[in-house]
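Taking this note's numbering, the leading residue of the sequence shown gets 54, the next gets one more, and so forth.
Heads up, the beta-carbon is just placed ideally off N, CA and C, and yes, glycines get one too.
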Amino acid sequence: MTNTTVSKPIFWRDARLPHVELRKVSDGRQVCYAPHSHTQWSIGAITGGESTYQYRENLFHVRAGDLVLMNPEWVHSCNPIDNQPWAYLMLYVDTGWLTDLRFRAGLLPTPHWQDIATATLSEPIWYERYCRMAECLLDAQRDLLDKQTEVVEFLSDLMHELARQPVVQQPKAPDTLTELARYLDNHMAEDVSLDTLCEISGYSAGHLIRAFRQYFGLTPHCSATIRMTG
Numbered sequence: 054m055t056n057t058t059v060s061k062p063i064f065w066r067d068a069r070l071p072h073v074e075l076r077k078v079s080d081g082r083q084v085c086y087a088p089h090s091h092t093q094w095s096i097g098a099i100t101g102g103e104s105t106y107q108y109r110e111n112l113f114h115v116r117a118g119d120l121v122l123m124n125p126e127w128v129h130s131c132n133p134i135d136n137q138p139w140a141y142l143m144l145y146v147d148t149g150w151l152t153d154l155r156f157r158a159g160l161l162p163t164p165h166w167q168d169i170a171t172a173t174l175s176e177p178i179w180y181e182r183y184c185r186m187a188e189c190l191l192d193a194q195r196d197l198l199d200k201q202t203e204v205v206e207f208l209s210d211l212m213h214e215l216a217r218q219p220v221v222q223q224p225k226a227p228d229t230l231t232e233l234a235r236y237l238d239n240h241m242a243e244d245v246s247l248d249t250l251c252e253i254s255g256y257s258a259g260h261l262i263r264a265f266r267q268y269f270g271l272t273p274h275c276s277a278t279i280r281m282t283g
């Protein structure tokens with residue numbers, strides 16, 4: 054088996070389990086990412102080496118045995134340190150499906166998504182259970198019921214655990230910035246200028262950029278770029 058084959062990401066999908074998909078990367082140096090976001094809730098396991106995990110404004114040093122968690126639409130990136138080898142597994146979970154699971158478990162007051170405050174977990178029991186679930190999904194010999202059971206048991210138990218973690222409330226963006234973000238969504242194919250955004254919001258250029266980054270974790274320009282490429 055060539056190095057190219059070893060480093061090529063493996064994607065697992067099954068139409069019978071449409072709410073989850075898994076990616077396995079054996080050499081993370083080959084798949085570096087600029088800051089980006091996903092529509093799904095995501096959880097990854099660092100299976101080898103170390104990397105830097107940028108999650109909105111926060112930067113974490115993660116290593117083998119750590120889990121990283123990502124809310125839908127939250128900007129993040131995870132890249133190697135000094136081009137050293139590292140490896141990971143990443144599970145993407147449909148937000149609507151996970152919302153329903155949390156609501157039916159009594160963890161949400163209404164069937165509407167609520168962001169999860171926890172960004173990383175460094176507890177061996179959860180890492181081992183994650184890897185066991187991933188191994189089951191990747192094993193072509195395991196049957197559908199087995200895979201469904203592993204996914205539901207792991208995510209159900211994890212959601213209960215995360216519900217006990219300290220909650221850090223994210224400040225709600227002012228209506229002006231929310232409308233501005235919506236404007237960028239509606240005009241993503243256009244070359245929108247900073248002057249136009251300042252005119253719409255009434256903010257100065259410097260204040261607009263700082264405020265947008267504070268509430269959305271990135272600048273208006275990065276936000277527009279992600280929406281174009283996401």
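Buried or exposed: which applies to residue i, given that a residue is buried once 16 or more other Cβ atoms fall within 10 Å of its Cβ?
i: Ala-68; result: exposed
i: Val-96; result: Before going on, a small fix: residue 96 reads as Ile here, not Val. Flag for Ile-96 reads buried.
i: Gln-267; result: exposed
i: Asn-239; result: exposed
i: Asn-124; result: buried
i: Phe-265; result: buried
Along the chain, where does the alpha helix (DSSP H) containing residue i start, and where does it finish?
i: His-260; result: 258-269
The beta strand (DSSP E) spanning residue i covers which residue range?
i: Ile-134; result: Where Ile-134 is concerned, there is no enclosing beta strand (DSSP E), given that its DSSP letter is neither H nor E.
i: Leu-120; result: 120-123
Who are residue i's beta bridge partners in DSSP?
i: Leu-198; result: According to DSSP, Leu-198 bridges with nothing at all.
i: Trp-65; result: Leu-75
i: Ala-98; result: Leu-120 and Leu-142
i: His-114; result: Thr-105
i: Thr-163; result: Looking at the DSSP assignment, Thr-163 forms no beta bridge with any residue, so it has no partner.
i: His-89; result: His-129
i: Lys-173; result: The amino acid occupying residue 173 in the given sequence is Thr; Lys does not appear at that position. Bridge partners of Thr-173: Val-121.
Mind reading off the beta-carbon distance from residue i to residue j? Whole number of angstroms is fine, and I expect it under 8 Å.
i: Ile-169; j: Leu-122; result: 6 Å
i: His-89; j: Val-128; result: 7 Å
i: Asp-80; j: Ala-140; result: 7 Å
In chain order, what residues of the same chain lie with their CB nearer than 8 Å to the CB of residue i, ignoring the 5 residues before and after it?
i: Met-212; result: Leu-151, Leu-154, Arg-155, Ala-158 and Leu-160
i: Gln-201; result: Leu-70
Closer than 6 Å by C-beta to residue i: which residues in its own chain qualify, once you throw out the five before and the five after it? Chain order, please.
i: Leu-174; result: Leu-120
i: Glu-203; result: Met-186 and Cys-189
Starting from the C-beta of residue i, find all residues in its chain whose C-beta is less than 7 Å away, skip the five residues before and the five after it, and write them out in chain order.
i: Pro-62; result: Arg-76, Lys-77, Val-78 and Val-84
i: His-72; result: Val-146, Asp-147 and Trp-150
i: Pro-227; result: none
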